[in-house]
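Quick notes on the structure that follows.
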Amino acid sequence: MRPALRGLGLVVAVVALGVVIVLSVWLGLRNIPLSQLWRVLWHHDGSVEAVTVHDVRLPRTLLGVLVGAALGLSGALMQALTRNPLADPGLLGVTLGASTAVVAGIAFLGVSTVSGHVWIAFVGAAAASVVVYLLGASGRGRATPERLVLAGAAITATLYAFNSAMLLLSPQSFGQFRFWEVGALAGRGSDVLAQVAPFLLAGIPIALLLARPLNALALGDQVGKALGAHVGRTRVLGVVAVTVLCGAATAAAGPIGFVGLAVPHAARLIVGSDQRWVLPYSAVLAPILLVGADIIGRLVIAPAELQVGIVTAFIGAPVFIALCRRSSPGRF
Amino acid sequence: MIIRFRAVSLRVHPRSVTVVITLLLLTFVLAAISMTTGDFPLSVSEVVRTVLGFGDPATEFIVNRLRLPRVLIAILVGAALALSGAVLQSLTRNPLGSPDFIGFAHGSATGALIVILLFQGSMAEISLGALAGGMLTAALAYLLAFRRGVQGFRLVLIGIGLSAMLLAANNYLVTRASLTGAIAAQTWITGTLNGRTWNQVVPLLIALALLLPPTVYFGQKLALLELGDDKARALGVPVEITRLALLAISVTLAAVATAAAGPIAFVALTAPQLARKLTAAPGSGLTAAAATGALLLVAGDLAVQRLFASPLPVGILTSAIGGTYLAWLLVREWRRGRL
Chain D
1 MRPALRGLGL
11 VVAVVALGVV
21 IVLSVWLGLR
31 NIPLSQLWRV
41 LWHHDGSVEA
51 VTVHDVRLPR
61 TLLGVLVGAA
71 LGLSGALMQA
81 LTRNPLADPG
91 LLGVTLGAST
101 AVVAGIAFLG
111 VSTVSGHVWI
121 AFVGAAAASV
131 VVYLLGASGR
141 GRATPERLVL
151 AGAAITATLY
161 AFNSAMLLLS
171 PQSFGQFRFW
181 EVGALAGRGS
191 DVLAQVAPFL
201 LAGIPIALLL
211 ARPLNALALG
221 DQVGKALGAH
231 VGRTRVLGVV
241 AVTVLCGAAT
251 AAAGPIGFVG
261 LAVPHAARLI
271 VGSDQRWVLP
281 YSAVLAPILL
291 VGADIIGRLV
301 IAPAELQVGI
311 VTAFIGAPVF
321 IALCRRSSPG
331 RF
Chain E
333 MIIRFRAVSL
343 RVHPRSVTVV
353 ITLLLLTFVL
363 AAISMTTGDF
373 PLSVSEVVRT
383 VLGFGDPATE
393 FIVNRLRLPR
403 VLIAILVGAA
413 LALSGAVLQS
423 LTRNPLGSPD
433 FIGFAHGSAT
443 GALIVILLFQ
453 GSMAEISLGA
463 LAGGMLTAAL
473 AYLLAFRRGV
483 QGFRLVLIGI
493 GLSAMLLAAN
503 NYLVTRASLT
513 GAIAAQTWIT
523 GTLNGRTWNQ
533 VVPLLIALAL
543 LLPPTVYFGQ
553 KLALLELGDD
563 KARALGVPVE
573 ITRLALLAIS
583 VTLAAVATAA
593 AGPIAFVALT
603 APQLARKLTA
613 APGSGLTAAA
623 ATGALLLVAG
633 DLAVQRLFAS
643 PLPVGILTSA
653 IGGTYLAWLL
663 VREWRRGRL
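From first to last, the protein sequence lines are chains D and E.
So that you can map any letter, position 252 of the first sequence is 252 in the working numbering, and since no number is skipped, the others follow by simple counting.
So that you can map any letter, position 157 of the second sequence is 489 in the working numbering, and since no number is skipped, the others follow by simple counting.
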């Protein structure tokens, strides 16, 4: 795509995200006319509509935007760091670390509230990714992409085993966990948003600033070093950013797969392999998918809701497949 | 090392041969342990006599009805999954290109879950559902990826897209089910050998016997394909057909294994990697991978039966063993300063 068109495309995507945000605040089980929506948005007059907008839809929408951006960015980072187009942000053990912590929290500590799960999940995500990085970095002090991938696979397998054993030995925990596992934005109020927003807002700029050194590293560690990139520093910062972003996103909304894997691919199919474009595109396209899926999940079987993790896969996957069919997939 | 005998010459990698023989011996020892120990301990000679058909009715039931089919299934499923993973990882030249990540297993799971949760089907029906689900998913992925030939990487990506939808559908089915149904489904998804009989062994044996010749024939060409399409073509390999055949073999192996025992996680991913590290040989190392897979599953199933009071699915221990062992190998390499 020509450079001028890339910029224009990004503007179009941002506008589309704005439209999706407005729709997400507007649409739902309770019908609120646009004029009234505008009024209660600025004047919290204590009416049912105002409470719905301020306490339910706004936090949910903002959380969706932040979680989506975090998943898209951490996926793009992960694929660039490991130079593996099949890497997804969960590969560092972040997602399963969070799941394991939540399972343990439910089974041993009896934690059953959404906001209680958030901290536990975040601690688990961070711990797992530190272990994976140490394991991957252990080869003569350097974390080569191949070792990171293998270390991630090893830790993921072990945690998966632990999870399944606990869930099958304790049916009550499984009864709670199966709903967390699907991934949802519903029922997350402003308290959850306040818990995770600082981490997400700190992680996003770190991720975006890594675009230039990651471009250099795409050619291999040696060439990257010759081009003036700090190999070790870039990798450590990258892992920190992935952990913070994906960990906080998983803590807030449960393990939402696919977004982090597919959106960076879509971004690369549109703009090529320049990380300075791939990262921003991923950060904008992912929330469009996530918030859009959340709106549809709210409306399609109203008054019940379909969890966002399910809708994301069912909307995102056909688009992704169509994109893969249309053009030859971007390699590194 | 090269062995020549008249017109035949064979290149042998001594360390690989040692590793494969050791793995097979270990598998045999563990299989013997799991045939002789348990709630009803038997001596080795009693087991041998019973297998040959000279046992009394009680040992006959325990050995030939309960223990033998279970051990055979563990060996066959482990080898099939590992082979499937080794072929796919070599084809995509990517350690993540295993059936676990591309997840045709999710298609098998969807088929099985529909049978378990919507029709309360028998075990044979569940196996059929899993087989149909897995093969349909793979066929659909192939059709969607077809544009003037199939490029391996595009197929993998489309497989990921499809499996994301199927995984979501599986999760949805599990949240909609009753807790009892959900636990039954979860047990199946984790992969278990509990309650397996000759009804699962015989079809598995036939399927693998049919798949073995093409696997050996096309498997030899994997090392050439790893050089890249152009070089392989220059060396006389019909690239497109070979790749299609290998993909079909890998998918069928995984689907057949999954139909017999459920999607046992991470064997296809870790076994080929472990085999590669153990043999330190170049190339795809199909034999070593198959032996590693068989050993992993036999060991996991033995541990699951003896360590836990309630019968847990074997998938749990294969991932635990495979995962920790891979982690340990990485740490050991670090100590030795290799890599």
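Just so it is clear, CB atoms sit at the ideal spot from N, CA and C, and this is done for glycine as well.
> Mind checking residue 560 (chain E): buried by the 16 CB within 10 Å criterion, or exposed?
Replying inline: exposed
> Which residues, in chain order, does the stretch 577-604 of chain E contribute to contact with chain D at a C-beta distance below 7 Å?
Replying inline: 597, 598, 601 and 602
>> Please tell me whether residue 492 (chain E) has its Cβ less than 8 Å away from any Cβ of chain D.
In response: yes
> What residues of chain D sit near residue 648 (chain E), judged by a beta carbon separation below 7 Å?
Replying inline: Close partners of residue 648 (chain E) in chain D (Cβ separation under 7 Å): 161, 164 and 165.
> Closest to residue 105 (chain D) by CA distance: which of D:123, D:93 and D:88 is it?
Replying inline: D:123
>> Quick test of your reading: residue 474 (chain E) and residue 494 (chain E), contact by CB under 8 Å. State the CB separation rounded to the nearest angstrom.
In response: That belief does not hold up - the Cβ atoms of residue 474 (chain E) and residue 494 (chain E) are roughly 11 Å apart, past 8 Å.
>> Going by beta-carbon coordinates alone, are residue 280 (chain E) and residue 150 (chain D) separated by less than 8 Å?
In response: This structure gives no information on residue 280 (chain E), because the portion of chain E shown stretches from 333 to 671.
>> Buried or exposed, going by whether 16 or more other CB atoms sit within 10 Å of the CB of residue 451 (chain E)?
In response: exposed
>> Which same chain residues end up closer than 6 Å to residue 176 (chain D) when comparing Cβ atoms and leaving out the 5 residues on each side of it in sequence?
In response: 106
>> Could you check whether the Cβ of residue 387 (chain E) sits closer than 8 Å to any Cβ belonging to chain D?
In response: no
>> According to DSSP, is residue 329 (chain D) part of a helix, a strand, or is it coil?
In response: No answer about residue 329 (chain D) holds up, because its pLDDT of 46 lies below 50 and its placement is not dependable.
>> Spatial neighbours of residue 465 (chain E) within its chain, please: C-beta separation below 6 Å, excluding the five flanking residues on both sides.
In response: 439, 440, 442 and 443
> residue 117 (chain D) CB to nearest chain E CB: under 8 Å?
Replying inline: no
> What first and last residue would you give for the alpha helix (DSSP H) that runs through residue 581 (chain E)?
Replying inline: Residue 581 (chain E) -> alpha helix (DSSP H) spans 571-593.
> Using a Cβ-Cβ distance under 8 Å, would residue 531 (chain E) count as near chain D?
Replying inline: no
> For residue 83 (chain D) and chain E, any beta-carbon pair shorter than 8 Å?
Replying inline: No - not a single Cβ of chain E is within 8 Å of the one on residue 83 (chain D).
> Which residues of chain E have a Cβ atom closer than 9 Å to the Cβ of residue 257 (chain D), listed in chain order?
Replying inline: 496, 499 and 500
> Near residue 336 (chain E), which residues of its chain fall below 6 Å by C-beta distance, leaving aside the five closest residues on each side in sequence?
Replying inline: none
>> For chain D, check one thing: does any of its Cβ atoms lie closer than 8 Å to the Cβ of residue 638 (chain E)?
In response: no
>> Would you say residue 206 (chain D) lies against chain E (beta-carbon separation less than 8 Å)?
In response: no
> Closer than 8 Å, CB to CB, is residue 654 (chain E) near chain D or not?
Replying inline: yes
> chain E partners of residue 97 (chain D), CB-CB under 9 Å?
Replying inline: By Cβ distance, chain E contributes nothing, its closest Cβ being about 13 Å from residue 97 (chain D), past 9 Å.
> Are there 16 or more other CB atoms within 10 angstroms of the CB of residue 220 (chain D), so buried, or fewer, so exposed?
Replying inline: exposed
> Taking Cβ-Cβ distances below 9 Å as the criterion, which residues of the stretch 292-318 of chain D are in contact with chain E?
Replying inline: Taking 9 Å as the cut-off between beta carbons, the residues of the stretch 292-318 of chain D near chain E are 306, 307, 309, 310, 311, 312, 313, 314, 316, 317 and 318, in sequence order.
> Contact check, residue 405 (chain E) vs residue 597 (chain E) under 8 Å by CB: the rounded distance?
Replying inline: In this structure residue 405 (chain E) is not in contact with residue 597 (chain E), their Cβ atoms being roughly 17 Å apart against a cut-off of 8 Å.
>> The alpha helix (DSSP H) that contains residue 346 (chain E), what's its start and end?
In response: Taken as a continuous stretch (DSSP letters only), the alpha helix (DSSP H) holding residue 346 (chain E) covers 346-368.
>> Buried or exposed for residue 374 (chain E), going by 16 or more other Cβ atoms inside 10 Å?
In response: buried
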